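Chemist:
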Amino acid sequence: MRPALLFLAAGLALACSRKAPAPPSPPSPAAPTPTAPAQAPAAAPTPLAPVANTVAAPKASLGVEVCADCHPEETDGFLATGMGHSLYKPDARPPIEDFSPEKATVTQPISGLRYRAYVDEAGRWWQEESVPGTEYRRAVEVKWVVGSGNHTRSYLGVVEGEVVQMPLTWYSGRRIWDMSPGYERADHFRFDRPVKPVCLFCHNDLTPARDETLAGYTAPLALGMTCVRCHGDPTQHVAQRSAGEGPPEGQPDPSILNPARLDGTAQLRICQQCHLTGEARVLLPGKRWDTYDPRTPLEDYVSIYVYANDGGPDFGIASHGHRLSLSACAQKSGGALTCSKCHNPHKNDPDLTRRRACMGCHDADDCGDGHGAEPDANCASCHMNRGGTNDIPHVTFTDHWIRKRPGGENDAPRPFTRELVDALADTRKNDDPADALARLGIAHAGAWRFQGRPVHLPEAVRLLSEGVQKAPGRLDAWEELGMALAATGELPGARAAFAEVEKRAPERTLYRLDYAQVLENMGELGEAERVLRAAVALRADYRAAWGNLANVLQKQGRFAEAETMYAKADALAPYLAITAANRGHNAANAGDLEGAERFFREAVRRDPHDPLGPFNLGTLALRRGQKDEAQRLFDEALKLNPKYAPALWLRARLALSRRDQQAARRDLQAMIEADPQDVRGYIDLARVELQAGDRQAASEVLLQGRFKMPGHPAIEQALEAVAAGRDL
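Per numbering that gives the first Met the number 0, the sequence shown runs over residues 0 to 727.
1) Using three-state DSSP, classify His711 as helix, strand or coil.
2) I need the boundaries of the alpha helix (DSSP H) containing Arg686, first residue and last residue.
3) Tell me whether Gly466 sits in a helix, a strand or coil according to DSSP, three-state version.
4) Determine the direct distance from the alpha carbon of Thr74 to that of Lys567, and round the result to whole angstroms.
5) I need the straight-line Cα distance from Val700 to Glu593, nearest angstrom please.
6) How about Leu509 and Glu211: are their beta carbons less than 8 Å apart?
7) In the DSSP assignment, what are the bridge partners of Leu155?
8) On the DSSP letters alone, give me the boundaries of the alpha helix (DSSP H) that Met482 sits inside.
9) Compare the beta carbon distance of Gly440 and Leu474 with 8 Å and say whether it is the shorter of the two.
10) What does the alpha-carbon distance come out to for the pair Ala527 and Arg189?
11) In the DSSP assignment, the alpha helix (DSSP H) including Glu528 goes from what residue to what residue?
12) Please name the residue, chosen from Asn547, Arg542 and Asp540, that lies closest to Val530 on a Cα-to-Cα basis.
13) Tell me, which residues are paired with Val420 by DSSP?
14) May I have the straight-line CA-CA distance separating Cys328 from Thr217, to the nearest angstrom?
15) Within 10 Å of its beta-carbon, does Thr106 have 16 or more other beta-carbons around it, so buried, or fewer, so exposed?
16) Apart from the five residues just before and just after Ala476, which ones in its own chain have a Cβ nearer than 7 Å to its Cβ?
17) Alpha carbon to alpha carbon, how far is Ala498 from Ala654?
18) Among residues of its own chain, excluding the 5 on either side of Arg294, which ones have a beta-carbon nearer than 6 Å to its beta-carbon?
19) Does the pairing of the segment 296–307 with the segment 413–431 give three or more beta-carbon distances under 8 Å?
20) Excluding the five sequence neighbours on either side, which residues of its own chain have a C-beta within less than 8 Å of the C-beta of Gln668, listed in chain order?
21) Check Ser339 in the structure and name its three-state DSSP category.
22) State the start and end residues of the unbroken alpha helix (DSSP H) segment that holds Thr234.
23) Would you mind sorting Gln235 into buried or exposed? The rule is 16 or more other CB atoms within 10 Å of its CB.
24) Do the segment 628–639 and the segment 159–166 touch if we need at least three Cβ pairs shorter than 8 Å?
25) Please report whether the beta-carbon of Gly590 lies at a distance below 8 Å from any beta-carbon of chain D.
26) Under 8 Å Cβ to Cβ from Leu637, same chain only, skipping five residues before and after it: list those, please.
27) Identify whether Asp177 lies in helix, strand or coil by the three-state DSSP scheme.
28) Have a look at Gly522 and Arg152 and give me their C-alpha separation to the nearest angstrom.
29) Start and end of the beta strand (DSSP E) containing Pro727?
30) Alpha carbon to alpha carbon, what distance is there between Glu596 and Arg622?
31) Would a C-beta distance cut-off of 8 Å place Arg538 and Tyr565 closer than the cut-off?
32) How far does the alpha helix (DSSP H) with Glu618 in it reach, from first residue to last?
33) Under DSSP, the alpha helix (DSSP H) around Gln107 begins and ends at which residues?
34) Which residues in the same chain have their Cβ closer than 7 Å to the Cβ of Tyr574, if we skip the five residues on either side of it in sequence?
35) Excluding the five sequence neighbours on either side, which residues of its own chain have a C-beta within less than 7 Å of the C-beta of Gly223, listed in chain order?
36) Using 8 Å as the Cβ pair cut-off and three pairs as the minimum, do the segment 263–273 and the segment 242–252 touch?
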């Protein structure tokens with residue numbers, strides 16, 4: 000990374016929970032003068048101009064009240080279930096949370112950021128972020144509540160015009176506030192976690208998404224799930240019945256889907272829309288996350304990937320479908336063991352109902368335990384394990400893998416594997432093998448990018464490289480290949496992949512940040528500028544693209560033009576520290592050190608938790624020749640984030656300037672560990688070894704860099720110099 004580089008690839012939707020930010024693109028060769036950081040991706044740009052959908056958007060749901068006219072018992076019962084109130088406005092249901100300040104204030108244990116949930120005098124719900132010891136406060140209003148409250152309630156807001164998840168979740172079982180799932184890391188999402196259509200898919204009726212945004216929608220979010228998610232669009236059915244038409248009573252009605260008339264596997268697929276999350280989900284060609292009717296077989300809509308030879312004790316909160324398939328009961332039932340055998344989708348059932356489901360196949364006398372014959376015995380209490388899930392904290396859930404004796408050898412850890420298999424493939428007809436290969440590559444890329452599992456990166460590169468040749472129309476595969484190759488340092492290949500997307504779909508926008516970053520890292524600033532100008536022409540509200548365009552202009556010495564672009568980015572999100580910091584670098588490079596200091600201090604005011612603030616002031620101190628002050632500020636930045644690679648690099652350079660090889664080596668080794676794709680760490684560490692007279696160690700450091708970034712020109716030139724006996 001360049002100093003103060005904060006760029007994260009703006010990725011497409013593949014997973015909702017457990018996702019990690021995309022790895023940064025490799026840096027360009029070192030430059031002695033600190034330059035502006037790349038802009039962080041827009042979590043939620045403001046919709047200034049409408050963007051047309053490329054596929055017909057879904058019809059708005061008629062609402063459960065239409066069905067209630069003829070089916071009041073079913074609709075009333077459904078609305079009392081968790082699915083019946085899965086997403087709603089804060090004032091739509093009685094609050095179950097404890098908003099007292101001592102209960103509703105949580106400090107993130109690693110970052111030290113403090114969060115508070117509260118209700119203001121007008122009855123509006125908020126979540127606030129603060130930094131202890133400073134005056135910094137940032138509050139975002141809660142617009143929607145997600146979750147029935149049986150286990151959790153999470154919260155959604157709007158930032159820059161897009162839907163985001165809030166940092167705090169209410170955990171009902173323990174009656175506590177704590178960080179939302181995925182917020183346990185130091186570099187968590189704060190108020191920037193986009194709630195993409197794939198995330199909303201299982202929380203409400205589908206809402207039309209705004210194309211080429213991460214989490215923008217063209218209509219208000221649908222409130223909760225209704226009948227359409229299992230029965231399909233009722234428009235024709237309602238019209239016929241309102242006109243007194245329709246088939247005779249007891250006969251199939253083709254105008255509506257009745258899952259009870261489907262075979263067992265097809266019934267399972269209805270539930271597996273949401274109760275088979277998998278490790279990655281990839282849409283089939285031409286499908287959208289905001290357009291699905293259950294009359295389309297699920298396997299013809301999406302691939303859901305799970306690990307091969309799955310098993311072991313770990314299970315997720317939405318793993319029911321997959322874990323049930325591991326059960327001997329399911330495997331021997333011939334498809335007859337469906338979810339509705341134990342669960343009535345139209346009402347909450349007591350345990351006794353579920354016991355009767357077991358008694359349909361098993362005699363009470365068959366149970367090896369004495370209590371099995373008791374009329375009120377709950378079979379699941381012994382044969383289905385209850386425990387914590389591997390993706391949501393503070394909850395107790397039922398593992399749907401039915402076993403004689405959960406535990407013991409059955410709960411041995413699952414053997415390591417990175418092999419992913421499509422759980423729906425066995426019922427999919429006429430699948431295109433080329434597209435299936437591309438989808439599998441996209442799934443591995445998703446496991447790498449969104450779940451932070453680097454073991455999947457090589458497999459993603461291998462499968463996607465082959466997949467795009469066999470299925471060249473799969474644009475998301477080209478985009479994923481570009482990001483994967485960039486992460487491995489294969490910049491020419493990444494450039495070619497992104498160029499293919501541009502050629503085939505010039506209207507696509509989000510990938511252009513990654514494309515421009517690759518071009519910038521290759522030194523092709525003019526091309527990077529062209530790509531980013533196209534992005535802002537396509538989306539005038541694309542704040543990250545305005546900021547990155549300004550960075551590229553600044554690198555070309557066009558400081559006045561850069562300031563104009565930074566101002567556009569700042570107007571879209573005037574609370575972001577990164578834009579103020581970038582403007583400071585631009586002013587400094589234009590020779591206006593006083594202006595630079597104003598911007599840098601404004602960045603600190605906007606976000607005193609960000610190490611970028613003291614780091615940038617440290618770079619300004621270096622420009623002024625104030626090495627001691629620079630050292631103090633870099634130390635301050637590293638207190639905020641000990642793995643902040645830009646501060647480690649410049650602090651190491653200060654140590655090199657005073658020939659403190661031990662301190663320089665320590666910081667450069669930490670820098671390489673924190674950011675193994677920053678070429679400057681390897682080159683400067685090689686310089687340290689040369690100063691120490693160890694040419695062999697210098698070569699080994701550079702070879703380590705070559706392994707991480709094959710063919711990088713700066714590494715190759717340095718290796719050649721060391722081999723020839725020259726200094727660096």
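Glycine included, C-beta positions come from ideal geometry on N, C-alpha and C. This structure is a prediction, so every number in the text was calculated from the model and none was measured.
Modeler: So, from the listed chains and residues:
1) coil
2) Val678 to Gln690
3) helix
4) 49 Å
5) 39 Å
6) yes
7) Trp143 and Gln164
8) Leu474 to Ala486
9) no
10) 29 Å
11) Leu524 to Leu537
12) Asn547
13) Val305
14) 45 Å
15) exposed
16) Ala437, Gly440, Ile441, Leu463, Gly466, Val467 and Ala470
17) 42 Å
18) Gly231 and Leu256
19) yes
20) Leu684
21) helix
22) Thr234 to Ser241
23) exposed
24) no
25) No chain D appears in this structure, which consists of one protein chain only.
26) Pro610, Tyr643, Ala646, Leu647 and Arg650
27) strand
28) 48 Å
29) For the record, residue 727 in the displayed sequence is Leu; it is not Pro. From DSSP, Leu727 is part of no beta strand (DSSP E); its letter is neither H nor E.
30) 11 Å
31) no
32) A small correction: the amino acid at residue 618 is Thr; Glu does not occupy that position in the sequence shown. Its alpha helix (DSSP H) spans residues Leu611 to Arg622.
33) Note, Gln107: premise wrong, no alpha helix (DSSP H); not H, not E.
34) Arg137 and Arg605
35) Gly83, His84, Ser85, Leu86, Tyr87 and Asn203
36) no
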